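Residue numbers (this note's numbering), protein chains in the order written: chain X, 198 to 575; chain A, 3 to 291; chain G, 279 to 589. All residues carry an ideal CB built from backbone N, CA and C; glycine is no exception. The structure displayed is predicted, hence computed values, not measured ones. Scroll down for the structure; my scribbles are underneath it.
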Amino acid sequence: MTSFSTLHLRGVGRRFGKHDALADLDLEIGKGEFIALLGPSGCGKSTALNCLAGLLPLTAGSIWQDDTRIDVLPPEKRGFGMVFQNYALFPHLSVRRNVAFGLRMRRVSKPELNRRTDEAIRLVRLEEHAHKLPGQLSGGQQQRVAIARAIVLEPSLVLMDEPLSNLDAKLRLEMRTEIRRLHQSLGLTTVYVTHDQEEALSLADRLVVLRDGRVQQIGTPEQLHTRPANWHVADFMGYRNLLPCTAGARSGEAVAVEGDGLRLLASPVGDLPEGAAAVAAVRPEDVTVTEGSPAGPNRIEATVEVVEYQGRELAVEARTAGGTRLHIRTGRRLAPGDEVVLDIAVERLLAFAQQYTARAGEPADTAGRPVLAGQETA
Amino acid sequence: MSTLGLAGRSRPRRRLVASPGAWVTWGAVAFFLVGLLGVIGSVLVNSFGTRWFGGWFPEGFTTNWYADAWQQFGLADLILVTVEVSVAVVALSLVIGVPAAYVLARRDFPGKRLVYLAFLLPILMPPITYGIPLATVLYKFGFAGNLSGVILANLVPSVPFVILTMTPFIEQIDPAIERAARMCGAGMRAVFLRILTPLLVPGILAAAILVLVRTVGMFELTFLTAGPDSQTLIVALFYSMSAAGIRAQQSVDAMAVLYMAMMLVLLVIAMRFVNPTQLVARVKEEPEP
Amino acid sequence: MAAPVVSPPEAGQDGPQRRTDPGLRHRLAERGIDSHLLLLVPAIVFIIGLFVYPFLYGLGLSFQPQQGGSPFADYQRFFSDPYQRDTIWKTLGLAIPAALLNVLASVPIAYRMRGRFRGKRLLMIVLVVPITLGTVLTAEGLLNFLGPAGWFNRTLISLGLADEPVQLINNYWGVFFSLIITGFPFAFLLISSYLSGIDPSLERAAATLGAGWWDRFRHITFPLLMPGLATTFCLTFVLAFSVFPSAILVGNPAGETRVISIAAYQAAYEQYDYPMASTIAMIMGAVELLVIALVLLWRSRFYTGATGGKG
Numbered sequence: 198m199t200s201f202s203t204l205h206l207r208g209v210g211r212r213f214g215k216h217d218a219l220a221d222l223d224l225e226i227g228k229g230e231f232i233a234l235l236g237p238s239g240c241g242k243s244t245a246l247n248c249l250a251g252l253l254p255l256t257a258g259s260i261w262q263d264d265t266r267i268d269v270l271p272p273e274k275r276g277f278g279m280v281f282q283n284y285a286l287f288p289h290l291s292v293r294r295n296v297a298f299g300l301r302m303r304r305v306s307k308p309e310l311n312r313r314t315d316e317a318i319r320l321v322r323l324e325e326h327a328h329k330l331p332g333q334l335s336g337g338q339q340q341r342v343a344i345a346r347a348i349v350l351e352p353s354l355v356l357m358d359e360p361l362s363n364l365d366a367k368l369r370l371e372m373r374t375e376i377r378r379l380h381q382s383l384g385l386t387t388v389y390v391t392h393d394q395e396e397a398l399s400l401a402d403r404l405v406v407l408r409d410g411r412v413q414q415i416g417t418p419e420q421l422h423t424r425p426a427n428w429h430v431a432d433f434m435g436y437r438n439l440l441p442c443t444a445g446a447r448s449g450e451a452v453a454v455e456g457d458g459l460r461l462l463a464s465p466v467g468d469l470p471e472g473a474a475a476v477a478a479v480r481p482e483d484v485t486v487t488e489g490s491p492a493g494p495n496r497i498e499a500t501v502e503v504v505e506y507q508g509r510e511l512a513v514e515a516r517t518a519g520g521t522r523l524h525i526r527t528g529r530r531l532a533p534g535d536e537v538v539l540d541i542a543v544e545r546l547l548a549f550a551q552q553y554t555a556r557a558g559e560p561a562d563t564a565g566r567p568v569l570a571g572q573e574t575a
Numbered sequence: 003m004s005t006l007g008l009a010g011r012s013r014p015r016r017r018l019v020a021s022p023g024a025w026v027t028w029g030a031v032a033f034f035l036v037g038l039l040g041v042i043g044s045v046l047v048n049s050f051g052t053r054w055f056g057g058w059f060p061e062g063f064t065t066n067w068y069a070d071a072w073q074q075f076g077l078a079d080l081i082l083v084t085v086e087v088s089v090a091v092v093a094l095s096l097v098i099g100v101p102a103a104y105v106l107a108r109r110d111f112p113g114k115r116l117v118y119l120a121f122l123l124p125i126l127m128p129p130i131t132y133g134i135p136l137a138t139v140l141y142k143f144g145f146a147g148n149l150s151g152v153i154l155a156n157l158v159p160s161v162p163f164v165i166l167t168m169t170p171f172i173e174q175i176d177p178a179i180e181r182a183a184r185m186c187g188a189g190m191r192a193v194f195l196r197i198l199t200p201l202l203v204p205g206i207l208a209a210a211i212l213v214l215v216r217t218v219g220m221f222e223l224t225f226l227t228a229g230p231d232s233q234t235l236i237v238a239l240f241y242s243m244s245a246a247g248i249r250a251q252q253s254v255d256a257m258a259v260l261y262m263a264m265m266l267v268l269l270v271i272a273m274r275f276v277n278p279t280q281l282v283a284r285v286k287e288e289p290e291p
Numbered sequence: 279m280a281a282p283v284v285s286p287p288e289a290g291q292d293g294p295q296r297r298t299d300p301g302l303r304h305r306l307a308e309r310g311i312d313s314h315l316l317l318l319v320p321a322i323v324f325i326i327g328l329f330v331y332p333f334l335y336g337l338g339l340s341f342q343p344q345q346g347g348s349p350f351a352d353y354q355r356f357f358s359d360p361y362q363r364d365t366i367w368k369t370l371g372l373a374i375p376a377a378l379l380n381v382l383a384s385v386p387i388a389y390r391m392r393g394r395f396r397g398k399r400l401l402m403i404v405l406v407v408p409i410t411l412g413t414v415l416t417a418e419g420l421l422n423f424l425g426p427a428g429w430f431n432r433t434l435i436s437l438g439l440a441d442e443p444v445q446l447i448n449n450y451w452g453v454f455f456s457l458i459i460t461g462f463p464f465a466f467l468l469i470s471s472y473l474s475g476i477d478p479s480l481e482r483a484a485a486t487l488g489a490g491w492w493d494r495f496r497h498i499t500f501p502l503l504m505p506g507l508a509t510t511f512c513l514t515f516v517l518a519f520s521v522f523p524s525a526i527l528v529g530n531p532a533g534e535t536r537v538i539s540i541a542a543y544q545a546a547y548e549q550y551d552y553p554m555a556s557t558i559a560m561i562m563g564a565v566e567l568l569v570i571a572l573v574l575l576w577r578s579r580f581y582t583g584a585t586g587g588k589g
């Protein structure tokens, strides 16, 4: 099994006893694509990856590689490569033998084995460490060995299970670039699991957001960033301010929302009938501190409570008279106790129905749903 | 004294003013150790003594009892049987126990608790309780009274012991390593031979040496199933002791010393590989640095 | 396994197909059943053949008395004959005090010996020696050491603590001492390892809250240690309850230390009454499991979760 043009997951599910770890996952992966599975811990993203790898048998659905059904094959017969969260290097084998292990299992001839092993080690720039044992390497180096071990087989699909989560912040950024570089130069189809939305946004061509074992939204990084399908996705994509409220009347593309003494105009996402319980979401960087009167209709008066210095900007927590806490990012020097007037652009304040029920097929549709026309001018 | 226990480091000043409690505990330990020394020492001294009637020590010392015991009890044969039985039990219990330990450490399946209980019971039950029915069954099928019966009977506590010893060793190997091997194209056999076995060598050694010590020292089961030609050292020792008066006490003690020497050699070897606690039960403890 | 080639799937029509062959596979997967479980087969065959079957065979045999009569005749015979029935009390009278003493003496000693000190490993190894030597050799040593002309009595007499040798062998005390010599190190090693499994910072935390060493032990360490103590008691009790060779060698096997294993052994190998021997073996197992069950029931009343240490 060398290559494929599409990989199809059809209604893939995995139950553990009474608990659905993953349900109804439908996904089509094209050759060369970089897909990120994103979600909080326990959302089913690792289950999905292990099902795809064959390490976990499915309890529903099927997986097809072009015309071949592969979910019935054991992992060693699928020809995929995998990079594990804690690297999972064989501790008793040298770097070189770790990388060569898969070729050895495939009975590749000695000269070719040597050539391909050397090449993979060079690709991840570990030539001078080839004879060390994994325990003698730093975390970043171990991760590079794990990547070399996965790609040396030229797998039709590379699976990565939170490969950067054990690295420190600086190394994580470096390795992120490294993974992107390898993907671009080798064109390997990749499925990447992470709980870090920033990592997913920066790496992937398409993102699959999971929650409680179900797909919430599939889309490009931009779609997810600007138009999350529900407030859970919004929460996950960095909309730190989630205000419980009640939906009011519509006016054009905007909807009035009310809660905790605030009356705001927001852009509705999905069905939002009048009187329904709703959640208004906005990113901290989209809340602006105005001088004098705000330009838009959303005027909020608040008192600064907590100020965190974060380099060029401040992360501020302010509290309205009604008791709502708002997270703000601003370049202005504020101090606790300051009275401020805040403004939120209508198109940046998204209103979601509070009760979101995932209807079968709906999340997948959002992948192609265009950004609502006219929203930019509201 | 209290801070001594807490911080684990003691200052000399503290030690001098140790509380009465400390004296009592250390006294109890000393009393126990003196008793132990007396028990072992009197066997050792007697085995080298010529005649010992009253008095602190025998009238003279000799090594004749060893030659005597060697011939009288046929020690060469006894040692050979003991080694044969122990090696066979160790090998068989590893072959049966390690794969089972792997499944029990890694997998969840219906009836797992029942299977675990079945493996725990032979360790919890007195050997006599299951030894008597087992010996009856072995006699029925013609196994008892010979080497194979002794080996089969000794497997009953050994296989569960291997399983209980190996499980923590297997659990501490990251399952992702096996998954990684499978993703590299290794089948189940290759995973076992190339990845798990090299990583499990310390655990397998520990389990092997512990089963060896227990089998050499196992009295009840061997006693119930052994025939005249399939006695191990410990059973022969029991017989010669309970038939006291027929043989000189000193040559019985000489045999006991030989048995003791054999066990101590095994013990010294064992201590290179395992923690003292593991000899008694499966409790994880970090090795001391 | 070859890849089954099926016609390309069309969206929405794989429903019926999902329910046929893979249906069973999916149900098995849900319960965690696959070919790896085959590795368990040799061990299961072994345990059934050499433990479960003989045990059930013995149980069956115990209901087929040699002298005929009702299936329970042998049980009736055992319980109506005081010579047989009393073996239960004699065994418990040895095993429970010995196990209790071993556990209770181990707690303060193990508590004092926490942490590292010079010679600790050596002490541990010395303690393992009697476990390794086993009961037969301990019995031989006790006969010499505690006998009327042994070092122990000689010391007592020269110190003026006794006028004539104290009878310490061929009675209850000989067996009791042999149970202490093999049982105490066992209990001590187990309790030490349970103690090292309790995070020492818990006691430090209690100290910062103003608890003295007794309060720390009583309110923090002891409750956390309790389940371990119960387990240790069970294992030490099992060891003591199975007492057999030392009861014959250093005890008085016809009288006060005629324990239940001797009764079972005599029925089988002296009277060749296998049904009676099986009956006694079953009663022995039942009594032992009953004691363990009571202890474990009591143990379940304590906190048994993580103790934060390296255990």
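Q: Pull up the CB-CB distance for residue 253(A) and residue 164(A), whole angstroms please, since I reckon it's below 8 Å.
A: With a contact defined as Cβ atoms closer than 8 Å, residue 253(A) and residue 164(A) miss out at about 36 Å.
Q) Is residue 368(G) closer than 8 Å to residue 548(G) when the C-beta atoms are compared? A) No, they are not a contact pair.
Q.
I'd like to know if the region 144-156 of chain A and the region 236-243 of chain X are in contact, where contact means that at least 3 CB-CB pairs between them fall below 8 Å.
A. These segments do not touch.
Q: Please list the partners that residue 314(G) has in chain X, where partner means a Cβ-to-Cβ separation under 7 Å.
A: Under a criterion of Cβ atoms nearer than 7 Å, no residue of chain X is adjacent to residue 314(G); the nearest Cβ is some 11 Å distant.
(Q) I'd like the span of the beta strand (DSSP E) that includes residue 396(G), first residue to last. (A) For residue 396(G), no beta strand (DSSP E) segment is defined, and its DSSP state is neither H nor E.
Q) On the three-state DSSP scale, how would you describe residue 327(X)? A) Residue 327(X) falls in the coil class under three-state DSSP.
Q: Confirm, please, whether the CB-CB distance from residue 404(X) to residue 233(X) is below 8 Å.
A: It is a contact, given that the beta carbons lie within the stated cut-off.
Q) Is residue 276(A) buried or exposed, if buried means 16 or more other CB atoms sit within 10 Å of its CB? A) Buried, since its Cβ has 16 or more Cβ neighbours within 10 Å.
Q. At a CB-CB cut-off below 8 Å, which residues of chain G make contact with residue 366(X)?
A. Those within 8 Å of residue 366(X) in chain G number zero; the least Cβ separation is about 28 Å.
Q: Ignore the nearest five residues each way along the sequence and tell me which others in residue 519(X)'s own chain have a CB closer than 7 Å to its CB.
A: The answer, listed in chain order, is 457, 458 and 459.
(Q) By the three-class DSSP mapping on this structure, what secondary structure does residue 491(G) have? (A) Residue state, collapsed to three classes: helix.
**Q.** Proximal chain G residues relative to residue 244(A), where beta-carbon distance stays under 7 Å
**A.** Correct list: 526 and 527.
Q. Which stretch, first to last residue, makes up the beta strand (DSSP E) that contains residue 497(X)?
A. Its beta strand (DSSP E) spans residues 496-507.
(Q) Along the region 100-113 of chain A, where does the CB come closer than 7 Å to a CB of chain G? Name the residues. (A) Against chain G - using a Cβ distance shorter than 7 Å - the residues of the region 100-113 of chain A are 101, 102, 104, 105, 109, 110, 111 and 112.
(Q) In chain order, what are the residue ranges of uninterrupted beta strand (DSSP E) at least 3 long that sit wholly in the region 215-243 of chain X? (A) Correct list: 216-227 and 231-235.
Q: Would you mind stating whether residue 183(A) and residue 197(A) have Cβ atoms separated by less than 8 Å?
A: Yes; because the gap between Cβ atoms is below 8 Å, this pair is in contact.
Q) What is the DSSP secondary structure of residue 202(X), reduced to helix, strand or coil? A) Shown here, residue 202(X) sits in coil according to DSSP, grouped into three states, outside any helix or strand.
(Q) Just to make sure I have the definition right: I need the residues of chain A whose C-beta is within less than 7 Å of the C-beta of residue 430(G). Which are they? (A) The contacting residues are 40.
Q: Can you pull the chain X residues whose beta carbon is under 7 Å from the beta carbon of residue 200(A), in chain order?
A: Those are 289, listed as they occur along chain X.
Q) What did DSSP end up calling residue 279(X) once you bin it into helix, strand or coil? A) In the structure shown, residue 279(X) sits in a strand (DSSP, three-state: E or B).
Q: Spell out whether any CB of chain A is found under 8 Å from the CB atom of residue 281(X).
A: Closer than 8 Å to some Cβ of chain A, the Cβ of residue 281(X) qualifies, so yes.
Q. At a Cβ threshold of 8 Å, is residue 307(G) touching chain X?
A. At a cut-off of 8 Å between beta carbons, residue 307(G) contacts chain X.
Q. Does DSSP classify residue 431(G) as helix, strand or coil?
A. Correct three-state label for residue 431(G): helix.
Q.
Counting C-beta neighbours from all protein chains within 10 Å, is the total for residue 313(G) 16 or more, i.e. buried, or is it exposed?
A. Counting C-beta atoms within 10 angstroms of its own C-beta, residue 313(G) has fewer than 16 neighbours from the protein chains shown and is therefore classed as exposed.
Q: With a floor of 4 residues, list each alpha helix (DSSP H) that falls wholly inside the region 300-354 of chain G, ordered by position along the chain.
A: Every alpha helix (DSSP H) of 4 residues or more that sits fully in the region 300-354 of chain G is shown, in chain order, as 319-325 and 331-340.
Q.
Within 8 Å of any Cβ in chain G, is that where the Cβ of residue 2(A) sits?
A. The shown model of chain A, from 3 to 291, leaves out residue 2(A), and the question about it has no answer.
Q. Residue 417(X) by DSSP, collapsed to three states: which one?
A. Coil.
Q) When you compare each of 481(G), 415(G) and 517(G) to residue 501(G) by their alpha carbons, which one comes out closest? A) It is 481(G) whose Cα lies nearest to the Cα of residue 501(G).
Q: Check whether the Cβ atoms of residue 244(A) and residue 339(G) lie closer than 8 Å to each other.
A: Going by C-beta atoms, residue 244(A) is not nearer than 8 Å to residue 339(G).
Q. Who does residue 257(X) pair with in a DSSP beta bridge?
A. 210(X), per the DSSP bridge assignment.
Q: Note the first and the last residue of the continuous beta strand (DSSP E) segment covering residue 445(X).
A: Its beta strand (DSSP E) spans residues 438-448.
Q: Taking only beta-carbon positions, decide if residue 256(X) is within less than 8 Å of chain G.
A: A Cβ of chain G is located within less than 8 Å of the beta carbon of residue 256(X).
Q: Could you tell me the boundaries of the alpha helix (DSSP H) in which residue 389(X) lies?
A: Per DSSP, residue 389(X) belongs to no alpha helix (DSSP H); it is in the beta strand (DSSP E), 387-391.
Q. Of all the options 498(G), 561(G) and 516(G), which has the alpha carbon lying nearest to the alpha carbon of residue 224(G)?
A. With chain G covering only 279 through 589, there is no way to say anything about residue 224(G).
Q. Can you list the residues of chain G that residue 167(A) reaches, using a CB-CB cut of under 7 Å?
A. The premise fails here: residue 167(A) is roughly 14 Å from chain G at the closest Cβ pair, so nothing lies under 7 Å.
**Q.** Candidates 226(X), 208(X), 262(X) and 288(X), of which the one nearest residue 219(X) by Cα
**A.** Minimum Cα distance to residue 219(X) is reached at 208(X).
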